[in-house]
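A.B. asks: Protein sequences, first through last, are from chains V and Z. Okay, so the first sequence: first residue is 12 according to this note's numbering, each after it adds one. Okay, so the second sequence: first residue is 81 according to this note's numbering, each after it adds one. Input: one structure, supplied below.
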Amino acid sequence: DTAVSQTPKYLVTQMGNDKSIKCEQNLGHDTMYWYKQDSKKFLKIMFSYNNKELIINETVPNRFSPKSPDKAHLNLHINSLELGDSAVYFCASSQYQGSGNTIYFGEGSWLTVV
Amino acid sequence: GENVEQHPSTLSVQEGDSAVIKCTYSDSASNYFPWYKQELGKRPQLIIDIRSNVGEKKDQRIAVTLNKTAKHFSLHITETQPEDSAVYFCAAYASGTYKYIFGTGTRLKVLA
Numbered sequence: 012d013t014a015v016s017q018t019p020k021y022l023v024t025q026m027g028n029d030k031s032i033k034c035e036q037n038l039g040h041d042t043m044y045w046y047k048q049d050s051k052k053f054l055k056i057m058f059s060y061n062n063k064e065l066i067i068n069e070t071v072p073n074r075f076s077p078k079s080p081d082k083a084h085l086n087l088h089i090n091s092l093e094l095g096d097s098a099v100y101f102c103a104s105s106q107y108q109g110s111g112n113t114i115y116f117g118e119g120s121w122l123t124v125v
Numbered sequence: 081g082e083n084v085e086q087h088p089s090t091l092s093v094q095e096g097d098s099a100v101i102k103c104t105y106s107d108s109a110s111n112y113f114p115w116y117k118q119e120l121g122k123r124p125q126l127i128i129d130i131r132s133n134v135g136e137k138k139d140q141r142i143a144v145t146l147n148k149t150a151k152h153f154s155l156h157i158t159e160t161q162p163e164d165s166a167v168y169f170c171a172a173y174a175s176g177t178y179k180y181i182f183g184t185g186t187r188l189k190v191l192a
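Laid out in structure tokens, this is it:
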């Protein structure tokens with residue numbers, strides 16, 4: 012039983028394409044996140060949703076659009092992909108949005124833009 | 081905004097030795113400091129955490145210390161084993177921002 016699952020795990024696509032990554036958590040958590048991990052392994056918050064409401068939007072290009080149809084799902088759509096978008100994208104969740112909550116990460120989606 | 085600096089970026093130790101990773105945060109409102117371990121090709125996972133009202137916490141071979149005055153916190157791993165080899169991330173939660181800010185990571189190699 013995977014707690015936070017995201018698909019696809021690997022994605023190779025050409026510049027200019029549009030792609031989506033799906034994420035689901037079965038932990039009953041209220042808060043979900045998207046993190047980007049670049050080639051240097053830096054983990055950067057992109058978005059955070061709490062009960063389907065956008066809480067954090069970290070100066071991410073508007074080519075990235077998250078969508079949360081319900082609190083168990085947070086999908087990421089990327090338009091007009093660029094080479095610099097190549098990274099590992101981690102979906103994550105926590106019980107609440109406040110301090111002291113463990114963040115549970117998905118397995119990551121390896122995106123390569125060629 | 082909150083900034084978390086982490087050192088060293090890479091650390092090699094002999095099996096059985098201790099390893100120490102240090103982090104510094106900037107926002108004095110930060111009140112929760114987790115540490116995550118990421119094995120090669122895997123997801124980051126929480127290994128230990130500490131709240132701002134505690135100075136030290138220990139769990140078997142790992143311990144974390146917090147100096148609120150200096151805004152420093154550190155991860156200590158004793159009797160290192162090859163399976164401790166991974167990238168370790170510190171993080172700080174800044175109250176009121178709803179954000180966990182991660183350090184830049186430390187790649188720990190335990191040499192057998």
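C-beta: ideal position from N, C-alpha, C; glycine also. Owing to the predicted nature of the structure, the values given are computational and were not obtained by experimental measurement.
If we ignore side chains and look at the alpha-carbon of each, how far apart do residue 105 of chain Z and residue 65 of chain V end up?
C.D. replies: 26 Å
A.B. asks: Sort out for me which residues DSSP pairs residue 100 of chain V with in a bridge.
C.D. replies: For residue 100 of chain V, which the question treats as bridged, DSSP gives the partners V/47, V/120.
A.B. asks: Less than 7 Å between C-beta atoms, sequence neighbours within five positions excluded: which residues of the same chain meet that for residue 33 of chain V?
C.D. replies: 17, 18, 86
A.B. asks: At 8 Å on the CB atoms, spell out the chain Z contacts of residue 59 of chain V, in chain order.
C.D. replies: 178, 179
A.B. asks: Between Z/139, Z/135, Z/168, which lies nearest to residue 150 of chain Z when the distance is taken from Cα to Cα?
C.D. replies: Taking only the C-alpha atoms, the option nearest residue 150 of chain Z is Z/135.
A.B. asks: For a contact meaning CB atoms closer than 8 Å, what does residue 134 of chain Z contact in chain V?
C.D. replies: Those do not exist, as residue 134 of chain Z stays about 12 Å from chain V at its closest Cβ, beyond 8 Å.
A.B. asks: Just tell me which of Z/186, Z/118, Z/153 has its CA closest to the CA of residue 119 of chain V.
C.D. replies: Checked all of Z/186, Z/118, Z/153; the closest Cα to residue 119 of chain V is Z/118.
A.B. asks: Counting only the same chain and skipping the five closest in sequence on each side, list residues whose C-beta sits under 6 Å from that of residue 167 of chain Z.
C.D. replies: Scanning its chain for C-beta atoms nearer than 6 Å, with the 5 sequence neighbours on each side dropped, one finds around residue 167 of chain Z the residues 118, 185, 187, in chain order.
A.B. asks: Using a Cβ distance threshold of 8 Å, determine whether the segment 45-59 of chain V contacts the segment 90-110 of chain V, with at least three qualifying pairs required.
C.D. replies: At 8 Å Cβ cutoff, the stretches touch.
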